[in-house]
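2 protein chains.
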Amino acid sequence: MSTYLRTLGLEAASGTQSISSARLSEVTGFTAAQIRRDLANFGHFGRRGVGYSVEGLRLELRAILGVDIEWSVALIGVGNLGKALLAYKGFNQMGFTIAAAFDNDQRKVGSTLSGLTVEPISKLAERVRELGIQLAIMTTPAEAAQEVLDSLVASGIRAVLNFAPRRLRAPEGVQISNVDLTIEVEYLSHSLSQRRLS
Amino acid sequence: MSTYLRTLGLEAASGTQSISSARLSEVTGFTAAQIRRDLANFGHFGRRGVGYSVEGLRLELRAILGVDIEWSVALIGVGNLGKALLAYKGFNQMGFTIAAAFDNDQRKVGSTLSGLTVEPISKLAERVRELGIQLAIMTTPAEAAQEVLDSLVASGIRAVLNFAPRRLRAPEGVQISNVDLTIEVEYLSHSLSQRRLS
DNA sequence: TTGAGTACGTGAAATTTATCACATACTCTT
DNA sequence: AAGAGTATGTGATAAATTTCACGTACTCAA
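These protein sequence lines are chains A and B, in that order. Position 111 of the first sequence, counting from 1, maps to 111 under our numbering, and the rest follow consecutively. Position 45 of the second sequence, counting from 1, maps to 243 under our numbering, and the rest follow consecutively.
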């Protein structure tokens, strides 16, 4: 659904009013049937013989993805990856505002990055409450990850995007999404290796 | 398979000789049956009644994933994300060496980052040949992505990891893996939204 | 108004993926 | 040596996902 929304953004920018599943298929690479099925799952957004209204579908998808409202996000771990995410405009465009940044390294605490002052992790619970943060992005070292997650859960956060290469244990009701950058590269090296053999 | 390999690394570090699918299941979160199926797909690595040899399985998985040899990688686009990836040690640990970094921004060309001098994209084909690069990571802006990919393909690269939020068109035989950081966050905001409704 | 063209939505079929359950094979103790 | 315990590998089964194919609904031109 994210991909569809992004594609619709491009289409809207180029002035298209209406779009068919066939056209979406061309651009996104999914099959047309797949796209129709996906969309029909959430409601009847299209008109037969016509297609989908670009603007209408954008609004629907925004609501489905929950990006029709602004989300406050905490970022924990201001290493290289953390800094990159802080500066990354894609989140803002999608309605995610990184409202606070935390790190345990005394040398980083107090410094300003992309307009945010880095705070110590001990302030986490307090700031989460103050700023109404519901979502966290973890870019901590693997060793610290579980401990940080426990703090996050304790402060009431219920959705976490984890970049640390470690599977985390969280109580029921806390949603964790893991991103492992090396997995993707390994997939490529796997297919290159396979190709070599055949 | 990547996850299994990473888990085995941890187990090896803590001195375990042999590991069962049940134990792997605990740590990785996949079901034991799933793990056995996955592994059996590539060969008979385990011993009944005993389990898998941690070291033996690591070697097998390394070979399967193609990380039993060193890969030379080119990085194109030295923005924040590019810098983060350059400094990211996970790639090195897995046998990926970023051998060259490229950018089209004149202000960046010539600067040194993580021990690499940034080169202009015009040098791409030449350097790919010289360094035997087979794999590229693209962290360019979306607008430049397709053009850069075409250059990469022309210079003989056949596997690309793309962080630019745009679906790329590549000829048959060129493997492209897309990473879109916002998709993961949107998935979380989607499930938070759903939860609110119920 | 009618007919040709377009394109969604969706049952049905096909394919893929995951789970179950157990025969097989190994280890260790008595 | 035998029996109890453990754990793989894999047919069979179940579940999920994708694709096919077509009825339905809309547009436009003549």
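Every residue gets a Cβ at the ideal spot worked out from N, C-alpha and C, and that includes glycine.
- Which residue spans inside the stretch 83-165 of chain A form an unbroken beta strand (DSSP E) run of at least 3? Runs found: 96-102, 116-119, 135-138, 159-162.
- Task: Give the residues of chain A in contact with residue 385 of chain B, contact being defined as C-beta atoms less than 7 Å apart.
- Result: Here residue 385 of chain B refers to the residue found at position 187 when the second sequence is read from its first residue. What residue 385 of chain B touches in chain A: 177.
- Query: In terms of alpha-carbon separation, which member of A/178, A/141, A/27 lies closest to residue 7 of chain A?
  - Reply: Along the first sequence, one-based indexing puts residue 7 of chain A at 7. Among A/178, A/141, A/27, the Cα nearest to that of residue 7 of chain A belongs to A/27.
- Task: Can you pull the chain B residues whose beta carbon is under 8 Å from the beta carbon of residue 165 of chain A, in chain order?
- Result: For the purposes of this step, residue 165 of chain A is taken as the residue at position 165 of the first sequence. By Cβ distance, chain B contributes 204, 288.
- Task: Could you tell me whether any Cβ in chain A is nearer than 8 Å to the Cβ of residue 330 of chain B?
- Result: In the second sequence, counting from the first residue as 1, residue 330 of chain B sits at position 132. Not one chain A Cβ lies under 8 Å of residue 330 of chain B.
- Message: Considering just the uninterrupted stretch of the beta strand (DSSP E) at residue 53 of chain A, what are its terminal residues?
- Response: As a working note, residue 53 of chain A is residue 53 in the first sequence. Note, residue 53 of chain A: beta strand (DSSP E), 51-53.
- At what residues does the alpha helix (DSSP H) containing residue 72 of chain A begin and finish? The residue you call residue 72 of chain A lines up with position 72 of the first sequence. Not the alpha helix (DSSP H): residue 72 of chain A falls in the beta strand (DSSP E), residues 71-76.
- Query: CA-CA distance, residue 251 of chain B and residue 144 of chain A?
  - Reply: Locating residue 251 of chain B in the second sequence gives position 53, where the first residue counts as 1. Locating residue 144 of chain A in the first sequence gives position 144, where the first residue counts as 1. Roughly 29 Å between the two C-alpha positions.
- Message: Going by DSSP, what residue range makes up the beta strand (DSSP E) through residue 17 of chain A?
- Response: Indexing the first sequence from 1 puts residue 17 of chain A at position 17. Residue 17 of chain A -> no beta strand (DSSP E), and no H or E assigned at all.
- Would you call the CB atoms of residue 192 of chain A and residue 179 of chain A closer than 8 Å? As a working note, residue 192 of chain A is residue 192 in the first sequence. As a working note, residue 179 of chain A is residue 179 in the first sequence. Not a contact, by the Cβ cut-off of 8 Å.
- Taking only beta-carbon positions, decide if residue 44 of chain A is within less than 8 Å of chain B. Looking up residue 44 of chain A in the first sequence gives position 44. The beta-carbon of residue 44 of chain A is placed no less than 8 Å from the nearest beta-carbon of chain B.
- Select from A/82, A/87, A/76, A/68 the residue whose C-alpha is nearest the C-alpha of residue 95 of chain A. For this step, residue 95 of chain A is matched to residue 95 along the first sequence. The shortest C-alpha separation from residue 95 of chain A is found at A/68.
- Message: Is the separation between the beta-carbon of residue 329 of chain B and that of residue 297 of chain B shorter than 8 Å?
- Response: As a first step, residue 329 of chain B is located in the second sequence; it is residue number 131 there, counting from the start. As a first step, residue 297 of chain B is located in the second sequence; it is residue number 99 there, counting from the start. Cβ distance < 8 Å, so residue 329 of chain B and residue 297 of chain B count as in contact.
- Task: Would you kindly work out how many angstroms separate the C-alpha atoms of residue 224 of chain A and residue 123 of chain A, rounded to a whole number?
- Result: Because chain A is modelled from 1 through 198, residue 224 of chain A falls outside the range shown and cannot be assessed.
- Tell whether a beta-carbon distance below 8 Å holds between residue 214 of chain B and residue 280 of chain B. Position 16 of the second sequence holds residue 214 of chain B. Position 82 of the second sequence holds residue 280 of chain B. Cβ distance not < 8 Å, so residue 214 of chain B and residue 280 of chain B don't count as in contact.
- Message: For residue 217 of chain B, which residues in the same chain have their Cβ closer than 6 Å to its Cβ, ignoring the five residues on either side in sequence?
- Response: Sequence index remark: in the second sequence, residue 217 of chain B carries index 19 (1-based). These residues qualify, in order along the chain: 209, 249, 250, 252.
- Where the beta strand (DSSP E) containing residue 239 of chain B begins and where it ends: Sequence index remark: in the second sequence, residue 239 of chain B carries index 41 (1-based). No beta strand (DSSP E) holds residue 239 of chain B; DSSP gives it neither H nor E.
- Message: Please tell me whether residue 317 of chain B has its Cβ less than 8 Å away from any Cβ of chain A.
- Response: Looking up residue 317 of chain B in the second sequence gives position 119. So no, residue 317 of chain B is outside the interface.
- Measure the beta-carbon distance from residue 118 of chain A to residue 157 of chain A and round it to whole angstroms, keeping in mind my assumption that it falls under 8 Å. Stepping through the first sequence from its first residue, residue 118 of chain A is reached at position 118. Stepping through the first sequence from its first residue, residue 157 of chain A is reached at position 157. 18 Å between Cβ atoms; not a contact.
- Item | Contacts around residue 374 of chain B, its chain only, beta-carbon distance under 7 Å, and the 5 residues preceding and following it disregarded | Counting from one through the second sequence, the residue named residue 374 of chain B turns up at place 176. Counting only Cβ-Cβ distances below 7 Å, and skipping sequence neighbours, we find 358, 360, 366, 368.
- Own chain, CB closer than 6 Å to residue 173 of chain A, minus 5 neighbours either side, in chain order: Residue numbering aside, residue 173 of chain A sits at position 173 when the first sequence is read from its first letter. Same-chain partners within the cutoff: there are none.
- Item | Residues that residue 47 of chain A bridges to, as DSSP identifies them | Indexing the first sequence from 1 puts residue 47 of chain A at position 47. A/51, per the DSSP bridge assignment.
- Message: Could you tell me the alpha carbon to alpha carbon distance between residue 136 of chain A and residue 381 of chain B, rounded to whole angstroms?
- Response: Numbered from 1 along the first sequence, position 136 holds the residue referred to as residue 136 of chain A. Numbered from 1 along the second sequence, position 183 holds the residue referred to as residue 381 of chain B. Those two C-alpha atoms are separated by around 15 Å.
- Going by beta carbon distance, what residues of the same chain come within less than 6 Å of residue 299 of chain B, once the five residues before and after it are set aside? Position 101 of the second sequence, counted from the first residue, corresponds to residue 299 of chain B. Correct list, in chain order: 273, 276, 314, 316.
- residue 312 of chain B versus residue 289 of chain B - alpha carbon distance: Your numbering for residue 312 of chain B matches position 114 in the second sequence. Your numbering for residue 289 of chain B matches position 91 in the second sequence. Rounded to the nearest angstrom, the two C-alpha atoms are 13 Å apart.
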